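A.B. asks: Let me give you the structure first, and then I'll get to my questions.
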Amino acid sequence: MIVAAVEMKICRSIDHVMLRLLDMEPLFSLLTETLRLPVTWSLQHSEFASFSWVHVGNTHLELWAARNNGDLPAECRLPLIHGLALEPDELAFSTAELERRGMACKPPRPYQAVNEVGQSITNFTNSVVFDLSSPTNCNFFCEWGLQASIVPWAKGVSTRERRDAEQRRFASMGGGPIGLVRLARVGVTCPDVARMKRHWRAVAQTEEDEALAIGGVALAFQPGDQHQIDSLSLEVRSLAEAQKFLQPRGLLERETTDTLTLCERATGGLVIHVVEADEAATRT
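Residue 1 is where the sequence shown starts when you use the working numbering, and the numbers rise one by one after that.
Encoded structure:
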């Protein structure tokens with residue numbers, strides 16, 4: 001029997017979106033209590049940060065409030081959509097393929113811990129893609145170890161298996177009171193839009209005339225002085241139904257015919273839009 005070779009992907013999905021916050025509240029409360037979205041990494045308070053993961057249908061929002069933000073530029077103000085953690089098919093392949101295409105990646109760095117029986121275990125390995133990043137926008141590959149000792153999911157579960165299980169669980173919950181479907185779009189500003197699109201197309205392995213998306217999440221670019229992620233857009237099944245829930249609770253900053261913008265008081269200062277999914281998206 002002939003088995004067809006599976007083409008390796010540089011990036012399979014957005015594993016999580018990292019949000020840098022000064023305070024876990026009020027965003028954690030908005031997402032988990034008001035919008036009733038599932039927590040996939042319970043709220044932790046450590047000596048270095050408070051953090052949690054919240055699932056939004058096709059990826060996670062990682063809420064991260066560090067004790068020290070000295071890694072950021074002095075002029076940087078929080079909150080900040082800090083970056084995208086990219087899921088590779090295989091990290092060594094992804095970094096080598098990007099370097100073959102003329103893009104620079106930071107040497108992979110494994111983050112290790114000692115497990116319950118005293119063994120040194122790799123929890124995850126990161127590699128920053130320099131050509132996609134800036135001091136306030138860190139986009140990086142994240143490869144999870146199968147035996148990671150710090151994660152809330154079972155050992156031996158691959159990233160793809162975990163993602164599929166989380167998406168099934170999310171679908172069974174109906175998207176909460178606003179009927180959330182998924183993270184649909186990430187808004188990016190940068191000084192050289194053409195250059196940034198070219199680099200992201202290399203990661204997405206798409207041609208020039210194809211829509212630019214990573215794991216089904218569209219990347220929307222506009223020119224700006226700073227390279228940063230400035231907004232997230234969440235898709236819901238019905239914009240009208242979402243508006244009926246959000247408006248009387250004072251959770252809307254702005255409304256147009258096709259976009260709701262959540263109140264920045266409730267989001268902790270982040271720009272989060274709500275848009276309506278097309279019919280095909282609601283069936284997936």
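Where a beta carbon is used, it is the ideal one built from N, C-alpha and C, also for glycine. Computed from a prediction, not measured in an experiment: that's the story for all the values here.
(1) Would you be able to state if there are at least three C-beta pairs under 8 Å between the stretch 59 to 66 and the stretch 39 to 50?
(2) Consult DSSP for Pro-79 and reduce its assignment to one of helix, strand or coil.
(3) Within this structure, are the beta carbons of Leu-35 and Gly-269 separated by less than 9 Å?
(4) Mind listing, in chain order, the continuous alpha helix (DSSP H) runs of no fewer than 4 residues lying wholly within the stretch 224 to 252?
(5) Quick one: give me the first and last residue of the beta strand (DSSP E) that Leu-91 is part of.
(6) Using only the alpha-carbon positions, how far apart do Thr-32 and Arg-100 sit?
(7) Express the C-alpha separation of Cys-190 and Val-54 in angstroms, rounding to a whole number.
(8) Straight-line CA distance for Pro-73 to Pro-135?
(9) Given that a residue counts as buried once 16 or more other Cβ atoms are within 10 Å of its Cβ, and exposed if not, what is His-199?
(10) So the candidates are Arg-185, Ala-113, Phe-140; which of them puts its Cα closest to the Cα of Thr-95?
(11) Pull up the CB-CB distance for Ala-85 and Ile-10, whole angstroms please, since I reckon it's below 8 Å.
(12) Do Val-181 and Arg-237 have their beta-carbon atoms positioned less than 9 Å apart in this structure?
(13) Looking only at DSSP bridge pairs, what is Gln-44 linked to?
(14) For the ligand HEM, is there any heavy atom lying closer than 8 Å to the beta carbon of Ile-150?
(15) Could you check whether His-273 and Leu-232 sit closer than 9 Å to each other, using their CB atoms as the reference points?
(16) Looking at the structure shown, is Pro-110 part of a helix, part of a strand, or coil, going by DSSP?
(17) Cutting at 8 Å between CB atoms, please list the residues of its own chain near Glu-116, excluding the five before and the five after it.
(18) Tell me the DSSP bridge mates of Ser-120?
(19) How is Trp-200 classed by DSSP in three states: helix, strand or coil?
(20) According to the neighbour-count rule (16 or more other Cβ atoms, all chains shown, within 10 Å of its Cβ), is Val-129 buried or exposed?
(21) In chain order, what residues of the same chain have a beta carbon less than 8 Å from the beta carbon of Val-114, not counting five sequence neighbours either side?
(22) Give the DSSP-derived three-state secondary structure of Leu-21 in the structure shown.
(23) What do you get for Ala-4, buried or exposed, if any count of 16 or more other CB atoms within 10 angstroms of its CB means buried?
(24) Please work out which residues of its chain come closer than 7 Å, Cβ to Cβ, to Leu-251, disregarding the five sequence neighbours upstream and downstream, and give them in chain order.
(25) Rounded to the nearest angstrom, what separates Gln-222 and Met-196 at their Cα positions?
(26) Quick check on Ser-29: does DSSP put it in helix, strand or coil?
(27) Roughly how many angstroms lie between the CA atoms of Ser-29 and His-16, to the nearest whole one?
C.D. replies: Checking against the coordinates, here is how it stands:
(1) yes
(2) coil
(3) no
(4) 239 to 246
(5) Counting along the chain, Leu-91 falls outside any beta strand (DSSP E), though it belongs to the alpha helix (DSSP H) covering 91 to 100.
(6) 42 Å
(7) 27 Å
(8) 7 Å
(9) buried
(10) Phe-140
(11) In fact, because the Cβ distance is near 14 Å, the residues do not count as touching under 8 Å.
(12) yes
(13) Phe-51
(14) This structure does not include the ligand HEM; it has no bound ligands of any sort.
(15) yes
(16) strand
(17) Ser-149
(18) Val-114
(19) helix
(20) buried
(21) Ser-120, Ile-121, Ser-149
(22) coil
(23) Because the pLDDT at Ala-4 is just 44, under 50, the model does not fix this residue reliably, and the point stays unresolved.
(24) Leu-262, Cys-263, Ala-266
(25) 10 Å
(26) helix
(27) 19 Å
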